[in-house]
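Asker:
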Amino acid sequence: MKFVLRPLKDSPQGFYLLLGGFAVLLALGLGAVGYIEHHGHIVTGMNNQIVWGLPHVFAVFLVVAASGALNIASMSSVFGKTEFKPLAPLSALLAIALLIGGLMVLMLDLGRPDRLIIAMTYFNFKSIFAMNIFLYSGFVGFVVAYLWTMMERRMNRFTPLAGFLAFVWRMALTTGTGSIFGFLVARQAYDSALLAPLFIAISLSYGLAVFIWVLMLASKGSARPLGDVLMARLARLQVIFIAAAFYFVLVYHLTNLYFTKHHDFERFILLDGGIYTAMFWLGQVVLGTVLPLVLLLAPGIGALRRRIATSAGLVILGGFAQMYVTIIGGQAFGLVLFPGYQVSSSFFDGVTASYSPSLPELLLGLGGVAVVGLFVMLALRVMGFLPERMDDAALEMAPVQAAPVVA
Amino acid sequence: MKQDHNSSPSEPVAKPSSRRGFLGVAAAGMAGILLAPGVRLIEIAQAAPANGAASAGASSKVRWGMLIDSGKCASGCTDCVTACNTENGLSGGKLPTDSQWIRKIEIKEVRTGKTQSLPMMCQHCAEPPCVDVCPTGASFKRADGIVLVDKHICIGCRYCVMACPYKARSFVHEPLSNQKTDVPRGMGTVEGCTMCVHKVDKGEQPACVTACSDAGHGAILFGDLNNPESEISKRVASYPSRQIREDLNLNTGVRYSGI
Amino acid sequence: MLRRTWSSFVRLCQGLAVGLCLVAVLPAAAQTGAAPSGASQGLQPPVTKARGGQCVDDPAFMRRNHMALLKHQRDDTMHGGVRSGKYSLKACVACHASEASQSVSAEAGDFCQSCHTFAAVKIDCFGCHASKPPPAGIQAALAQPQVKP
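Residue numbers (my numbering), protein chains in the order written: chain A, 24 to 430; chain B, 238 to 496; chain C, -17 to 131.
1) Do His361 (chain B) and Ile339 (chain B) have their CB atoms nearer than 8 Å?
2) So what's Gln365 (chain A) in DSSP terms, helix, strand or just coil?
3) Reducing DSSP to helix, strand and coil, say where Ser34 (chain A) ends up.
4) Quick one: which residues of the stretch 393 to 410 of chain B get their C-beta closer than 7 Å to a C-beta of chain A? List them in chain order.
5) Assign Leu41 (chain A) to one of three DSSP states: helix, strand, or coil.
6) Taking Ser336 (chain B) as the reference, give the member of B:Phe259, B:Ser312 and B:Arg406 with the closest Cα.
7) I think Gly205 (chain A) touches Ser100 (chain A), with their Cβ atoms under 8 Å apart; what is that distance to the nearest whole Å?
8) So that I know if they touch, is there some Cβ in chain B lying closer than 8 Å to that of Leu184 (chain A)?
9) Looking at chain A, is there any beta carbon in it that lies within less than 8 Å of the beta carbon of Asp369 (chain B)?
10) Nearest to Val83 (chain A) by alpha carbon, out of A:Ile95, A:Tyr58, A:Gly124 and A:Ile59?
11) Tell me the DSSP secondary structure of Phe356 (chain A) in three-state form.
12) Excluding the 5 residues preceding and the 5 following Gly20 (chain C) in the sequence, name in chain order all residues of the same chain whose CB lies nearer than 6 Å to its CB.
13) Verify the CB distance criterion: does Arg422 (chain B) have a CB-CB separation below 8 Å to chain C?
14) Let me make sure I understand the geometry here. Which of A:Gly37, A:Gly311, A:Val262 and A:Leu217 has the alpha-carbon closest to that of Leu277 (chain A)?
15) Write down every uninterrupted run of the beta strand (DSSP E) in the stretch 362 to 421 of chain B whose length is 3 residues or greater and which is fully enclosed by it, in chain order.
16) Beta-carbon of Ala16 (chain C) versus every beta-carbon of chain B: anything under 8 Å?
17) How would you list, in chain order, the residues of chain C whose beta-carbon sits under 9 Å from the beta-carbon of Arg300 (chain B)?
18) Less than 8 Å separating the beta-carbons of Leu133 (chain A) and Ile392 (chain B)?
19) Apply the 10 Å Cβ neighbour rule to Asp415 (chain A) and answer buried if 16 or more other Cβ atoms are within range, or exposed otherwise.
20) Looking at the unbroken alpha helix (DSSP H) that takes in Glu106 (chain A), where does it start and where does it end?
21) How many angstroms separate the CA atom of Ser376 (chain B) from the CA atom of Phe370 (chain A)?
22) Could you check where the alpha helix (DSSP H) with Glu468 (chain B) kicks off and where it finishes?
23) Is Val252 (chain A) buried or exposed, if buried means 16 or more other CB atoms sit within 10 Å of its CB?
24) Does the stretch 48 to 58 of chain A touch the stretch 190 to 206 of chain A, meaning 3 or more C-beta pairs lie closer than 8 Å?
25) Considering only DSSP beta bridges, list what Thr352 (chain B) is partnered with.
26) So with CB distances below 8 Å, who are the chain C contacts of Gln416 (chain B)?
27) What three-state label does DSSP hand Gly289 (chain B) in the structure shown?
28) Flag Ala21 (chain C) as yes if its beta-carbon sits less than 8 Å from any beta-carbon of chain B, otherwise no.
29) Quick one: list the residues of chain A neighbouring Val384 (chain B), beta-carbon separation under 9 Å, in chain order.
30) How is the alpha helix (DSSP H) around Tyr270 (chain A) delimited, first residue to last?
31) Give the DSSP bridge partners of Tyr493 (chain B), in chain order.
32) Leaving out five residues on either side along the sequence, give the residues of the same chain with a beta carbon under 6 Å from the beta carbon of Gly329 (chain B).
33) Can you name, in chain order, every residue of its own chain whose Cβ lies under 7 Å from the Cβ of Phe288 (chain A), other than the five neighbours on each side?
34) Against chain B, with Cβ distances strictly below 8 Å, would Ser87 (chain C) count as a contact?
35) Please determine, among B:Met267, B:Ser467, B:Ser307 and B:Arg395, the residue with the shortest C-alpha to C-alpha distance to Ile457 (chain B).
36) Between the stretch 364 to 371 of chain B and the stretch 109 to 126 of chain A, do at least 3 Cβ pairs fall closer than 8 Å?
This is the structure:
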């Protein structure tokens, strides 16, 4: 199919306002990093019981969404859905931006971020973290190559190969990210092979939600309207991905409920974990799963586009809640050294650890989001990543057959 | 091509090319300047003299371990903790952000009500999860079984703190000063019980062991698990002892009896 | 077209040659400029004399290579458990600690700090390592079996 990519011509209203907002957010984030690096992590809410806090929630969300954001491009190059080809460059751009944002937050939260060179020259290959360094940087490399084959006309014949390689790499990357937790035998929240496929499923869901938001914003900003059939297709995809992610969450909890040794942990998450229980039921289940599904599947609740945008936002919110429960809740529950015993010590054994996120952590996380925004906005303005026409006729979209989501 | 015929060979090149030419020369000069220091560094690395080692260093013939008799451990007694803090320059504070290399744990079996007390520190596993997960290899196991953090290459990612089943590791949250000469510790890196490696290398015992025996309790025994004639080997061969979380199969160097 | 390619190539070689010559000449000039002892010629960091007596090695050699020596020693000590040898950091600190501040990097005039401030290179060591010899005394710190140079 022939399509033309064009940069955003005249700056749409509010473009520079949004760009400025992202720049300010980034500056605040970098300021927070300087503050944390100078005074030490004591100025954050993290402590020896909860060593990974809000920055890691942001970072893991962004990295997971990065892998999923590539999905539209993968569908067009690897799975034969050529109607998505014009949107593939935006998808690849978003994937790179999200990964860079997530990686930046992760690296700036290190205790010694000045030792990044050490991290890139000393490797313990048994560590999934060390492998992730290659997976993350390789992802950027592969997706840049993939973008190049898409945008350089003479290289277009290599797009299926580049897309396939990027797809395989992205599966490895998300498996690696899930395994960061899955390989931890010490904690009841992790210690499970299920975390790798769970992360792949949630990456599809979060990535598509972020892509939908960026696409709709870019369409409004560039006055290039999106077709109804495209929106219906994206809505149906989002439903499938939310359901897939929920399946893995369900199996994870059902298995834990079966294992007597994990009952205390399940009771903590599902019943008496305070903020974590609230985040799980309200954030992850209601806002992140049930409500978006209702919005996307039930006919007649308002205009389709508004429903899609709202559900995407809810999925993103639910995603943050899920990451909070997984990463922080998993640490707050604590380690069980003596099953069947009541334990107490000066080092907070046997008690639920307390954690309250601090402003520097929030600013660092938002700084990562700002990097994504700046990257995407500047790229769209300067180079052609968005097709000139995105309506259904231009994309050669066949109408969805008997789909329950057509408004 | 027409230009070449019209201009004489001795004339300077046309304006756009001379700017390009200047940039090319400048870039080449920069490349030269930037490359040379690297050559110098390689020189240094290859010229570094070999260290003549006077002391033997760690050997895999030895495996240092501890046997803790919980029966001899009194609830409320913290002699080992105090000694560790003094020896290693720890603050002894109990804030959530303070480092604790050793702690006393009071346990009470829920069903029966039996209470016990024991010290918990890095278990110096033979298959340490903290070593497996460290991305730079800073968390490592020495040849003689002592598990340490090489703070020169620790980047402070705290993955080992996530991975340790015994909560043995602490992260340093604030700038430190007045460190002990033999125990370097610094902000932004992770640390834990070193089994007083600086004392062990001199042939002495860890501070907690010495303090406990000096006070007359004798709950902690230190020795070479690889030597069948050592006190600790004879003790673990004759009396029941166990590892904490033995289901993880980590083969810890610290064993407990009486729990 | 061949002439233009050749002249570009010649310019490239000229540029590289200039760059490399500069780099080769400048350090040599600096070295001939630096006096081996006492007499100051131009800008120099104030270096306090150590209290130990004999230098571990030739001062010019130490100035150039102490970072590499420390790096090797730290691996030997950390991973190998070798705590002696003439490049032990503990011994450096004990010998070079200034009389005034009892430290090698606390004040601007102290041994390590003076050169490092002059060269504008941040010292990473003393964030973790003690910059003062142990209160037990210098002799205690120096009482490691030393290798005969």
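Built from N, CA and C at the ideal position, the CB exists for glycine as well. Just so we're clear, the structure is a prediction, and the values are computed from it rather than from any experiment.
Answerer: Let me spell this out:
1) No, they are not a contact pair.
2) It is a strand residue.
3) Note: Ser34 (chain A) maps to coil in three-state DSSP.
4) For the stretch 393 to 410 of chain B, the residues whose beta carbon sits under 7 Å from a beta carbon of chain A are, in order, Gly393, Cys394, Arg395, Tyr396, Val398, Met399, Ala400, Cys401, Pro402, Tyr403, Lys404, Ser407, Phe408 and His410.
5) Reduced to three states, the DSSP call for Leu41 (chain A) is helix.
6) Out of B:Phe259, B:Ser312 and B:Arg406, B:Arg406 has the C-alpha closest to the C-alpha of Ser336 (chain B).
7) So it is not a contact: roughly 29 Å between Cβ atoms.
8) It does not; no Cβ of chain B falls within 8 Å.
9) The C-beta of Asp369 (chain B) comes closer than 8 Å to at least one C-beta of chain A.
10) Its Cα nearest to that of Val83 (chain A), the residue A:Gly124 stands out among A:Ile95, A:Tyr58, A:Gly124 and A:Ile59.
11) Coil, per DSSP.
12) The predicted position of Gly20 (chain C) is uncertain, since its pLDDT is 45 and thus under 50; no value can be drawn from it.
13) Under the Cβ criterion of 8 Å, Arg422 (chain B) is counted among the residues facing chain C.
14) It is A:Leu217.
15) Runs found: 376 to 378 and 384 to 386.
16) Here the model assigns Ala16 (chain C) a pLDDT of 47, short of 50, so the residue's position is not dependable, and the following value carries that caveat. No, its Cβ sits nowhere closer than 8 Å to a Cβ of chain B.
17) The premise fails here: Arg300 (chain B) is roughly 14 Å from chain C at the closest Cβ pair, so nothing lies under 9 Å.
18) Contact: yes.
19) With 16 or more other Cβ atoms within 10 Å, it is buried.
20) In the DSSP assignment, Glu106 (chain A) falls outside any alpha helix (DSSP H), carrying neither H nor E.
21) The alpha-carbon of Ser376 (chain B) is positioned some 21 Å away from that of Phe370 (chain A).
22) Glu468 (chain B) -> alpha helix (DSSP H) spans Glu468 to Ser475.
23) Looking at its Cβ environment, which holds 16 or more other Cβ atoms inside 10 Å, Val252 (chain A) is buried.
24) With the cut-off at 8 Å, the stretch 190 to 206 of chain A and the stretch 48 to 58 of chain A do not touch.
25) Bridge pairing for Thr352 (chain B): B:Lys345 [DSSP].
26) Within 8 Å Cβ-Cβ: Cys110, His111 and Ala112.
27) Here the model assigns Gly289 (chain B) a pLDDT of 36, short of 50, so the residue's position is not dependable, and the following value carries that caveat. Here Gly289 (chain B) sits in coil by DSSP.
28) Low local confidence applies: a pLDDT of 47 at Ala21 (chain C) is under 50, so the model's placement there is unreliable, with the coordinate-based value given in what follows. Not an interface residue.
29) Simply none; closest approach about 14 Å.
30) Taken as a continuous stretch (DSSP letters only), the alpha helix (DSSP H) holding Tyr270 (chain A) covers Asp251 to Tyr281.
31) Paired residue(s): B:Ile305 and B:Arg479.
32) Once the five neighbours on either side are set aside, the close Cβ partners of Gly329 (chain B) are Asn322.
33) Hits under 7 Å: Gln211, Ala212, Asn279 and Phe356.
34) It does not; no Cβ of chain B falls within 8 Å.
35) The residue with the shortest Cα to Cα distance from Ile457 (chain B) is B:Ser307.
36) Between the stretch 364 to 371 of chain B and the stretch 109 to 126 of chain A, the count of Cβ pairs shorter than 8 Å is below three; the stretches do not touch.
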